[in-house]
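Counting in the numbering used here, the sequence shown runs from 7 upward without gaps. Heads up, the thing below is written out as structure tokens.
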Amino acid sequence: MSEETPNILIIDDQQSVCWAMAELAKSMGYAAETANDAAAGLGRLVGGSFDAVILDIQLPGLNGLDALPKIKADFPHLPVVIITAHGTMATAIAAVQRGAFEYLLKPVDKATLKTVLSAAVAHHRRSAELGAAVARPISETEMIGRCPQIQEVFKQIAVAAGTELAVLLTGETGTGKELVARAIHRYSSRGGGPFVAVNCSLLSGELVASELFGHEKGAFTGADRAAPGKVEAADGGTMLLDEVGELPGESQVRLLRFLDDGEFYRVGSAEPARANVRAIAATNRPLRAAALSGHFRRDLFFRISGVTIDLPPLRDRGDDVELLIDHFLGRCHPAGLTDEARTVLKAYPYPGNVRELRNAIEHAAAMAGAQPIGPEHLPEALSAPGAPEEGASLERWADRMLERILAAGIAKGYEELMAQWESPVLAAAMRRFEGNQARVAAALSMHRSTLRKKLRAYGLIEPAGADAAS
7 MSEETPNILI
17 IDDQQSVCWA
27 MAELAKSMGY
37 AAETANDAAA
47 GLGRLVGGSF
57 DAVILDIQLP
67 GLNGLDALPK
77 IKADFPHLPV
87 VIITAHGTMA
97 TAIAAVQRGA
107 FEYLLKPVDK
117 ATLKTVLSAA
127 VAHHRRSAEL
137 GAAVARPISE
147 TEMIGRCPQI
157 QEVFKQIAVA
167 AGTELAVLLT
177 GETGTGKELV
187 ARAIHRYSSR
197 GGGPFVAVNC
207 SLLSGELVAS
217 ELFGHEKGAF
227 TGADRAAPGK
237 VEAADGGTML
247 LDEVGELPGE
257 SQVRLLRFLD
267 DGEFYRVGSA
277 EPARANVRAI
287 AATNRPLRAA
297 ALSGHFRRDL
307 FFRISGVTID
317 LPPLRDRGDD
327 VELLIDHFLG
337 RCHPAGLTDE
347 ARTVLKAYPY
357 PGNVRELRNA
367 IEHAAAMAGA
377 QPIGPEHLPE
387 ALSAPGAPEE
397 GASLERWADR
407 MLERILAAGI
417 AKGYEELMAQ
427 WESPVLAAAM
437 RRFEGNQARV
447 AAALSMHRST
457 LRKKLRAYGL
467 IEPAGADAAS
């Protein structure tokens, strides 16, 4: 290799992939060499000089994940870009922890690959120190997905697991925040220690401090014996603070002090105690905005958000819906489902995200018994038509959804729950308020002119000028 021309090694058992990636590298002004299995690739590395490696996972003989540590052992500064057609959280974490520079799914986007190769070459030319990741056994988990957003989450899990920083998980209810927290714990150096989850939204008043930090006998009414808190139970491990935005102000102060120095006081005790706990917080609230507006302690927000991982809603995960359908079916209903039921499951927007999809399939499996799941076995909310039609089932569904909107609060409920169901909900509201547009607009916090425009667009009122034209 000349000093001026970067050289790329491509290891893939598909000749067409090797050719395409070699041509792309050459279009960037690089040289490229190829190998069709790991053994041949390792041989080329010994006899050549390279700035980056593109390594497939599925290879004959030695697979890419097992070849990766061998490459990093002999060439610790050489960037290795892992590619695979079968991306899972386990493979993403294994790749990152074993030292992969990047992890990409096939078919690889050309623009993305160019960006990654350019960064890899620059990284190698600077001879930056690459941390030698420790390989550990990877167990299967419930977190699956192929979409770019969830693959990015998998990589962020691996990065977070390699640090002791506090982690903040954000995302809508049901997106899998506890699963992410458990994965970070499992793949971290604390994986052999305890994992303790606390739902902050279920605690109130004096119970918060007692639940977190424990109490002494007689500390409050009903405290007939001393009891340790969640912090002590999590000593040496990880504590998940779910719905952390619901913590009352005094408990936020106590938590901040503990996170700063590991010291705490049981309720009713003047003697300090210590615990070594890694904190992972989770919230479905816009916590940064709450902190900046004074509704959550700003110093605590910055303390718990050393690493922030945002989980995508299921409606933004594309084909992952079908992947998850088959995953949950495989766990609870080997009889499968009909094409009609699959169509219904794929069309629903899942405001409750992955948790709602799992619950829907488990419900349907119980209803179907030994036969394949049909539309009639699905929860009623899923079986309701997805577009305005005549029929009692649509009206019942729309009435229920309107109640959910009004109960959740307009800003959150309407935007999140009604994004794909606006027409039947507006029809339900018009029925509820007997066609009174002023009352509908007020109930939905919508300007009357905006409401009128939507009603006309959906054919729920006559078009403008219809009376004059008739």
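Virtual Cβ for every residue (Gly too), placed ideally from N, Cα, C.
1) Can you check which of these residues, Arg131, Glu108, Lys112, is closest to Thr121 by C-alpha distance?
2) Between Ile379 and the rest of its own chain, which residues show a CB-CB distance below 6 angstroms, the 5 nearest in sequence each way excluded?
3) Quick one: grab the DSSP three-state call for Ala393.
4) When DSSP labels each residue in this structure, what does His301 get in the three-state scheme?
5) Closer than 7 angstroms by C-beta to Ser275: which residues in its own chain qualify, once you throw out the five before and the five after it? Chain order, please.
6) Sorted by chain position, which residues of the same chain lie with C-beta nearer than 8 angstroms to Ser207's C-beta, five sequence neighbours on each side aside?
7) Can you find at least 3 beta carbon pairs, one from the region 321-336 and one from the region 351-363, that sit closer than 8 angstroms?
8) For the alpha helix (DSSP H) that contains Val122, what are its first and last residues?
9) Using CA coordinates, which residue listed in Gly375, Leu171, Arg192, Met34 is at the minimum distance from Ala125?
10) Could you check if Leu298 is buried or exposed, using at least 16 other CB atoms within 10 Å of its CB as the buried criterion?
11) Tell me which residues share the same chain as Ala474 and place their Cβ nearer than 6 angstroms to its Cβ, disregarding the 5 neighbours each side in the sequence.
12) Would you identify the three-state DSSP class for Asp230, choosing helix, strand or coil?
13) I'd like the list of long-range same chain contacts for Arg152, defined as Cβ closer than 8 angstroms, with 5 residues on each side in sequence excluded.
14) Among Glu178, Ile60, Thr244, whose alpha-carbon lies nearest the alpha-carbon of Ser194?
15) Roughly how many angstroms lie between the CA atoms of Phe160 and Asn442, to the nearest whole one?
16) Assuming Ala100 and Val86 are in contact, meaning their beta carbons sit under 8 angstroms apart, how far apart are those beta carbons, in whole angstroms?
17) Is Gln258 buried or exposed, if buried means 16 or more other CB atoms sit within 10 Å of its CB?
18) Find out if the Cβ-Cβ distance for the pair Gly67, Thr90 is shorter than 9 angstroms.
19) In chain order, what residues of the same chain have a beta carbon less than 8 angstroms from the beta carbon of Pro154, not counting five sequence neighbours either side?
20) What's the C-alpha gap between Gly54 and Gln157?
21) Where DSSP assigns a beta bridge to Asn205, which residues make up the other side?
22) Report the CB separation of Leu175 from Ile315 in whole angstroms; it is logged as a contact under 8 angstroms.
23) Using the Cα positions of Lys76 and Leu48, report the straight-line distance between them to the nearest angstrom.
24) Does Asn13 come out as helix, strand or coil in the three-state DSSP assignment?
25) Are Arg284 and Glu269 touching if we call contact CB-CB under 9 angstroms?
26) Near Pro318, which residues of its chain fall below 8 angstroms by C-beta distance, leaving aside the five closest residues on each side in sequence?
27) Buried or exposed for Ser216, please, with buried defined as at least 16 other CB atoms from any protein chain shown within 10 angstroms of its CB.
28) Report buried or exposed for His301, applying the criterion of at least 16 other Cβ atoms within 10 angstroms of its Cβ.
29) Could you check which residue in Thr179, Ala96, Ile14, Ala166 has the C-alpha nearest to that of Met149?
30) Would the beta-carbon of Asp62 fall within 9 angstroms of that of Asp18?
31) Assuming Ala372 contacts Ala341 (C-beta within less than 8 angstroms), just tell me the rounded distance between them.
32) Going by the beta-carbon positions, is the gap between Ala435 and Leu450 smaller than 9 angstroms?
33) Checking 9 angstroms against the spacing of the C-beta atoms, do Phe307 and Phe264 come in under that value?
34) Rank Asp43, Ala46, Trp25 by C-alpha distance to the C-alpha of Ala37 and give the top, closest one.
35) Taking DSSP as the reference, what is the three-state secondary structure of Tyr193?
36) Within the continuous beta strand (DSSP E) that includes Thr40, where are the two ends?
For this structure:
1) Glu108
2) Leu343, Ala347, Ala370
3) Confidence at Ala393 is low in this model, with a pLDDT of 39, below 50, so the placement of that residue should be treated as unreliable; the coordinate-derived value is given next. Coil, per DSSP.
4) coil
5) Glu222
6) Asp248, Glu249, Glu252
7) yes
8) 116-131
9) Met34
10) exposed
11) A caution first: Ala474 carries a pLDDT of 37, below 50, which makes its placement in the model unreliable, though a value can still be read off. Cβ neighbours of Ala474 beyond the five flanking positions: none.
12) coil
13) Gly93, Leu111, Asp325, Asp326, Leu329
14) Thr244
15) 49 angstroms
16) That belief does not hold up - the Cβ atoms of Ala100 and Val86 are roughly 13 angstroms apart, past 8 angstroms.
17) buried
18) no
19) Leu111
20) 32 angstroms
21) Asp248
22) 5 angstroms
23) 8 angstroms
24) strand
25) no
26) Cys153, Gln155, Ile156, Val159, Gly177, Thr181
27) buried
28) exposed
29) Ala96
30) yes
31) With a Cβ gap of about 12 angstroms, Ala372 and Ala341 do not count as contacting.
32) yes
33) no
34) Trp25
35) helix
36) 37-41
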